[in-house]
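All remarks here apply to the structure that follows.
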Amino acid sequence: MLLASTMVFGQGDGIPTDETSISAGMELFDGNCSSCHQIHEKGIAPALKNVYERRDVKWLTKFIKHPGKTIESGDAYAVALYEEFKPTIMPNQDLSDEEILQVLAYVKDATIKGPAKPAAEAAAASTGAEAGTPQGMVVSSNLLVGVIIGLLVLLGIVLIVLVILANVLTQYLRQQKGLEAEDEAYINEKFSLAAIFRSQVFVGLASFVFVIVVAKVTVDALFAVGIQQGYAPEQPINFSHKLHAGYYEIDCKYCHTGVEKSKNANIPSANICMNCHNSIRQNSPEIQKIYAAVENDQPIQWVRVHNLPDLAYFNHSQHVKVGGVECQTCHGEIEKMEVVQQHSLLTMGWCIDCHRKTDVNAKGNAYYDKMVEMHDATSKEPMKVKDIGGLECAKCHY
């Protein structure tokens, strides 16, 4: 959409202020506008803050439905917008007058509330949890390392004590008279490092440490089976999340349309890319790959980054729509990634740890009212996901 400018006109009238309209407007904005527009900052299109004060609702409705015709008509305001942001031009929006009012209701509400806090704050909490003991692999590995270090320290102390005792006893015996020849030879025997290495005590201790090291390496390797943290495969098209989700702040839900209504977030099809790139950077070699895919009616062969085993069930809509979990909680600061990589472990232990620590998002959801009431009657702690069955095997494996 291409609405705002620095020109100031009369106040818009008839914009609803009820929560229902604002909520509906937010969904329409996310689905139709957020790929180019932000409320408070200018991107590839103007910021929409106070747009209802710059033009009246009648003009905005006409422009949103038919921006190209409005520009061709010679409207000075529309032409000025086009000159500022060309070659970007908003496609015609198939929205009713009521839906446009709902979008404006959301824009007005967001303008009044001011800029929102960055969504990446949720990722910080996730990273903090991950830095602790998110799953058994880290615990086991650290335990084995601690055991090995402890044994080496203990061995060093024992050797030092034995050397000191040997020196003291040797000096004492040398001062004694009447020792047998065999004892004299033993006392005057020169120190031999090779003899120590050949001793049964040293061989036994070295063997024990070797077994512990081999056990640690084996356990770490077993726990690492199937873990792809840091996996960042090469993609057929060099798509930058840092540019799209970071610099231009395109909402994740605009491309991953199923994230709030489906088990899968889904990989965007080429036609979603073409919503913008039919007029933006058309001559780029990477964009030409999208054109080729559309013209040949062939899907783009994106390489999947985040993989869960078939035995595990995960539902995006349950977490994102119902639970209110931010994308960055699991995927990291995706808006800063030039090349997407798997940020989290995505192991069973990592999920269970999250269920143990995460409060249930029950606010405004009557489904949980009775459950929250029963929980509060027996506990002073907030209700966690584990309290509503989040640790039950059948929730993820069935």
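Quick note on numbering: this note's numbering labels position 279 of the sequence shown as 299, and the sequence is numbered without any gaps.
For every residue, glycine included, the Cβ atom is placed at its ideal position computed from N, Cα and C.
Here the structure is a predicted model, which means the values were calculated and not measured.
{"query": "Would you say I109 and G88 are within 8 Å of each other, going by their C-beta atoms?", "result": "yes"}
{"query": "Where does K404 sit, in a helix, a strand or coil, going by DSSP?", "result": "strand"}
{"query": "Take M391 as the anchor and find which of T190, D407, G352, I168 has the nearest alpha-carbon.", "result": "D407"}
{"query": "At 4 residues or longer, and completely inside the stretch 67 to 113: list those alpha helix (DSSP H) runs for me, N to C.", "result": "71 to 74, 77 to 85, 87 to 92, 96 to 105"}
{"query": "Since P8 is in the alpha helix (DSSP H), which residue starts that stretch and which ends it?", "result": "Any property of residue 8 remains undetermined from this structure, which presents the chain solely from 21 to 418."}
{"query": "Beta-carbon within less than 8 Å of A313's beta-carbon, same chain only, minus the 5 sequence neighbours each way: which residues are those?", "result": "A290, P319, I320"}
{"query": "Measure the alpha-carbon distance for F334 versus L366 and round it to whole angstroms.", "result": "11 Å"}
{"query": "Hey, how far is the Cα of Y223 from the Cα of A215?", "result": "Contrary to the premise, residue 223 reads as Val rather than Tyr in this sequence. Whole-angstrom Cα-Cα distance: 11 Å."}
{"query": "Quick check on DSSP: helix, strand or coil for D379?", "result": "strand"}
{"query": "Would you say Y274 and S55 are within 8 Å of each other, going by their C-beta atoms?", "result": "yes"}
{"query": "Contact between the stretch 118 to 127 and the stretch 32 to 42: three or more CB pairs below 8 Å?", "result": "yes"}
{"query": "Does the distance from the CB of H276 to the CB of N286 come in under 8 Å?", "result": "yes"}
{"query": "Please find out if some non-hydrogen atom of the ligand FMN comes closer than 7 Å to the beta-carbon of A100.", "result": "The model on display carries no ligand, and the ligand FMN is accordingly not part of it."}
{"query": "I'd like the list of long-range same chain contacts for A252, defined as Cβ closer than 6 Å, with 5 residues on each side in sequence excluded.", "result": "V359, Q361"}
{"query": "So the alpha helix (DSSP H) F230 belongs to, where does it begin and stop?", "result": "220 to 243"}
{"query": "My output table needs one value for W322: the three-state DSSP class, helix, strand or coil.", "result": "coil"}
{"query": "Which residues mark the beginning and the end of the alpha helix (DSSP H) in which I42 is found?", "result": "39 to 52"}
{"query": "Going straight from the alpha carbon of F228 to that of R218, what length do you get?", "result": "15 Å"}
{"query": "Can you tell me which of M357, E355, T349 puts its alpha carbon nearest to the alpha carbon of W370?", "result": "T349"}
{"query": "Kindly give me the distance between the Cβ atoms of T378 and V405, rounded to whole angstroms, as I take these residues to be in contact under 8 Å.", "result": "5 Å"}
{"query": "Taking the alpha helix (DSSP H) that K341 belongs to, which residues open and close that run?", "result": "Unbroken run through K341: none, as it is neither H nor E."}
{"query": "Can you list, in chain order, the residues of its chain with a C-beta nearer than 6 Å to that of G410? Leave out the 5 residues immediately preceding and following it.", "result": "H375"}
{"query": "The alpha helix (DSSP H) that contains A132, what's its start and end?", "result": "The amino acid at residue 132 is misidentified as Ala; the sequence shows Ile. Note, I132: alpha helix (DSSP H), 117 to 133."}
{"query": "Please list the terminal residues of the continuous alpha helix (DSSP H) segment that includes Y274.", "result": "272 to 275"}
{"query": "Is T398 buried or exposed, if buried means 16 or more other CB atoms sit within 10 Å of its CB?", "result": "exposed"}
{"query": "Within the continuous alpha helix (DSSP H) that includes N295, where are the two ends?", "result": "290 to 297"}
{"query": "Under DSSP, the alpha helix (DSSP H) around H60 begins and ends at which residues?", "result": "Careful: H60 lies outside any alpha helix (DSSP H) and carries neither H nor E."}
{"query": "I'd like to know whether the C-beta atoms of H336 and K283 end up nearer to each other than 8 Å.", "result": "yes"}
{"query": "Would you give the residue range spanned by the alpha helix (DSSP H) that K390 belongs to?", "result": "389 to 398"}
{"query": "Quick one: using the 10 Å Cβ neighbour count with 16 as the cut-off for buried, is Q58 buried or exposed?", "result": "buried"}
{"query": "Can you list, in chain order, the residues of its chain whose CB lies under 8 Å from that of F105, leaving out five sequence neighbours each side?", "result": "L22, I64, A65, P66"}
{"query": "Determine the extent of the alpha helix (DSSP H) in which K415 is found, giving its start and end residues.", "result": "413 to 416"}
{"query": "Please list, in chain order, all residues of the same chain as V233 whose beta carbon is under 7 Å from its beta carbon, the five residues on each side excluded.", "result": "I168"}
{"query": "Using CA coordinates, which residue listed in C416, V279, E401, I372 is at the minimum distance from D330?", "result": "C416"}
{"query": "Tell me whether F217 sits in a helix, a strand or coil according to DSSP, three-state version.", "result": "helix"}
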